[in-house]
Amino acid sequence: MAKTPYKIFLTEEEMPKFWYNLKAVMKELPDPMLHPGTLKPMTKDDLRQVFCDELVDQELNTKDQYIEIPEELRNFYKMYRPSPLIRAYCLEEALDTPAEIYYKFEGTNTSGSHKLNSAAAQVYYAHQQGITSLTTETGAGQWGTALAMACAYYGLDLTVYMVKISAEQKPYRKAVMETYGATVIPSPSATTAAGRAILAANPETGGSLGCAISEALEKAMTTENARYVLGSVLDHVLLHQSIIGEETRIACEKYGIEPDIIIGCAGGGSNFGGLIAPFMGDKIHGKNKIHFIAVEPASCPSLTRGRYAYDFGDTGRMTPLLKMYTLGSGFMPPPNHAGGLRYHGMSSIISKLYHDGLIEARAVEQTKVFAAATMFARQEGILPAPESAHALKVAIDEALKCKETGEKKTILFGLTGTGYFDLSAYRSYNEGTLSDRIPTDEELEKGFATLPRADC
Ligand SMILES: *Cc1c(COP(=O)(O)O)cnc(C)c1O
Numbered sequence: 410m411a412k413t414p415y416k417i418f419l420t421e422e423e424m425p426k427f428w429y430n431l432k433a434v435m436k437e438l439p440d441p442m443l444h445p446g447t448l449k450p451m452t453k454d455d456l457r458q459v460f461c462d463e464l465v466d467q468e469l470n471t472k473d474q475y476i477e478i479p480e481e482l483r484n485f486y487k488m489y490r491p492s493p494l495i496r497a498y499c500l501e502e503a504l505d506t507p508a509e510i511y512y513k514f515e516g517t518n519t520s521g522s523h524k525l526n527s528a529a530a531q532v533y534y535a536h537q538q539g540i541t542s543l544t545t546e547t548g549a550g551q552w553g554t555a556l557a558m559a560c561a562y563y564g565l566d567l568t569v570y571m572v573k574i575s576a577e578q579k580p581y582r583k584a585v586m587e588t589y590g591a592t593v594i595p596s597p598s599a600t601t602a603a604g605r606a607i608l609a610a611n612p613e614t615g616g617s618l619g620c621a622i623s624e625a626l627e628k629a630m631t632t633e634n635a636r637y638v639l640g641s642v643l644d645h646v647l648l649h650q651s652i653i654g655e656e657t658r659i660a661c662e663k664y665g666i667e668p669d670i671i672i673g674c675a676g677g678g679s680n681f682g683g684l685i686a687p688f689m690g691d692k693i694h695g696k697n698k699i700h701f702i703a704v705e706p707a708s709c710p711s712l713t714r715g716r717y718a719y720d721f722g723d724t725g726r727m728t729p730l731l732k733m734y735t736l737g738s739g740f741m742p743p744p745n746h747a748g749g750l751r752y753h754g755m756s757s758i759i760s761k762l763y764h765d766g767l768i769e770a771r772a773v774e775q776t777k778v779f780a781a782a783t784m785f786a787r788q789e790g791i792l793p794a795p796e797s798a799h800a801l802k803v804a805i806d807e808a809l810k811c812k813e814t815g816e817k818k819t820i821l822f823g824l825t826g827t828g829y830f831d832l833s834a835y836r837s838y839n840e841g842t843l844s845d846r847i848p849t850d851e852e853l854e855k856g857f858a859t860l861p862r863a864d865c
């Protein structure tokens, strides 16, 4: 086999035509989503009031291993995909490791992350159904930006409730979304009853993701022909992100690359779930022995220190109950610059795979994450998003282990995005003022106390 190139691109013809539905190959399924009022599994009709019909079908599909990506959507994907699988030759050399390191880079579109993969799909189906406006929330802003791009393309109105403190800290994110035509409202706002109630109680609040979700949901329910969309956690989002894994699998086959370890960062679990999907399917079928590692921040350790329980998806306790590893919907993570990883829970699919021992989880501290990010930027040239650098940190750890043992493992990780909007975090790191805040057991107990009663 010839030396693998620095960048492995697929041709348009080689691009995947199907998403990979992990639920169709899992030996045991995750427990179903429950209605918060009746505590019965959510039905199609329940879900259709909030989400587009096709997305509801995908959410509940446990039968079809492959689900076709509509041709029109494949054409949208062609504007920024296939994304490259890159051999980190320069990093390998700097680490002096016998390991081979590869990363799948999702930061090649303007939103700067993998989130566009699901945004494009969700907006496509909304458009097909004749929906005219969408609402969502955004914290760090990557999801809002991705959705604004897709809505601009398909001609849908978009209202984004952006956590107020983030809107103030990242004014340029807001400008990008507005350039794509979205209406960005700092949350809490006076535009919804939920927002007004929060403002009345606490006029100075900087907002939270939970509060922004409540406002976006209310806005969708009270706007004609509108739906709400979510950028992670749900099964249909993981399904859309499986394009990352499918492209990776095809690229690996093309060059005879056989990963021993696959690593991804995990906030709500969508990029990790998408990256590992076809490889995990093969592992379940006994066709490989890949070691999968999900990496989370030590400040928000849902897999490594959370409880496996039914919980709400939002702080406002409006969503269905999801069985997942969770810190409790009332958990307030200490400040951390990986905004996309500050979620109290985790995808039900990833939670189940973890519970069944099919994946490992590791928590890492942000100062170490930024050290890894800086090294990577200097060796490989790409300025990684703080979220992505979590996966990178563990990839470096594993490569250094190979250096000690002399093993020539193949390590592959997901580099989910770029960090151009995270420069205040990089500046803190450079100035030496970045710190690690790890929640104490007592702080975690406060979050667990907000879990719904154990009998539901
Ligand atoms: C949102 C985000 C994540 C985390 O979300 P997942 O659903 O866990 O994939 C990771 N990296 C980047 C760059 C993000 O924007």
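Just so we're on the same page, our numbering is the position in the sequence shown counted from 1, plus 409.
Don't be surprised by glycine CBs; every beta carbon is placed ideally from N, CA and C.
request  = Compute every distance between the C-beta of Leu750 and the non-hydrogen atoms of ligand 1, then say whether any falls below 8 Å.
outcome  = yes
Item to check | Proximity test, Gly676 beta-carbon vs ligand 1 heavy atom, cut-off 8 Å | outcome: yes
Next on the checklist: For a test of your reading of the model: does the CB of Phe681 fall under 8 Å from any non-hydrogen atom of ligand 1? Yes or no.
Outcome noted: yes
| query | Measuring from the CB of His523, is there a heavy atom of ligand 1 at a distance below 8 Å? | reply | yes
ask   = Hey, is the segment 736 to 748 in contact with the segment 711 to 720, meaning 3+ C-beta pairs nearer than 8 Å?
value = yes
If you drop the 5 nearest sequence neighbours on each side, which residues of the same chain put their C-beta closer than 7 Å to that of Ala549?
Ser575, Gly748, Gly749
### Segment limits, alpha helix (DSSP H) that includes Gly499
The amino acid occupying residue 499 in the given sequence is Cys; Gly does not appear at that position. Unbroken alpha helix (DSSP H) run through Cys499: 498 to 504.
How about Gly516: is its Cβ closer than 8 Å to a heavy atom in ligand 1? yes
Outcome for Pro414 when other beta-carbon atoms lying within 10 angstroms are tallied against a minimum of 16: exposed
For this session: Ignore the nearest five residues each way along the sequence and tell me which others in Ile622's own chain have a CB closer than 6 Å to its CB.
Result: Glu546, Asp723
Note to self: Strictly by DSSP, which residues pair up with Tyr511?
What the structure shows: Arg496, Leu821
For this session: Along the beta strand (DSSP E) that carries Lys732, what are the first and last residues, could you check?
Result: 730 to 735
In or out: Gln458 buried (at least 16 other Cβ within 10 Å) or exposed? exposed
Q. Considering Tyr533, what are the terminal residues of the alpha helix (DSSP H) in which it resides?
A. 525 to 537
Per DSSP, what are the beta-bridge partners of Met571 in this structure?
Thr547, Pro595
Report the three-state DSSP secondary structure of Asp864 (helix, strand or coil).
-> Legend: pLDDT at Asp864 = 48, less than 50; position of this residue unreliable, value from coordinates given subsequently. Of the three classes helix, strand and coil, the one that applies to Asp864 here is coil, per DSSP.
| message | Classify Arg862: buried if its beta carbon has 16 or more other beta carbons within 10 angstroms, exposed otherwise. | response | exposed
Does the beta-carbon distance from Ala535 to Ala808 come in below 9 Å?
no
Exercise. Hey, is the segment 813 to 825 in contact with the segment 660 to 678, meaning 3+ C-beta pairs nearer than 8 Å?
Worked result: yes
- Beta carbon of Met630, beta carbon of Tyr589: below 9 Å? no
### Query
Under a Cβ-count criterion, where at least 16 other Cβ atoms within 10 Å of its own Cβ denotes burial, should Asp864 be classed as buried or exposed?
Residue confidence for Asp864 is low, a pLDDT of 48 falling below 50, so the modelled location carries little weight; the figure read from the coordinates is stated next. So Asp864 counts as exposed.
- When the distance is taken between beta carbons, is Gly640 closer than 9 Å to Ser596? no
Once you ignore the five residues that flank Lys817 on each side, which residues in its own chain have a CB closer than 6 Å to its CB?
Pro507
Note down the Cα distance separating Asp691 from Asn697, rounded to an integer number of angstroms. 6 Å
### Query
In this structure, does DSSP put Leu712 in helix, strand or coil?
helix
Beta-ladder partner(s) of Asp720, from DSSP:
Leu731
Taking DSSP's pairing of strands, which residues face Pro793 in a bridge? Thr827
- Message: Closer than 8 Å is the cut-off here; do at least three beta carbon pairs connect the segment 418 to 438 with the segment 474 to 483?
- Response: yes
Starting from Ala603 and walking both ways along the alpha helix (DSSP H), at which residues does that stretch end? 602 to 610
- [ ] Measuring alpha carbon to alpha carbon, tell me which of Pro706, Met442, Lys802 ends up nearest Leu731.
- [x] Met442
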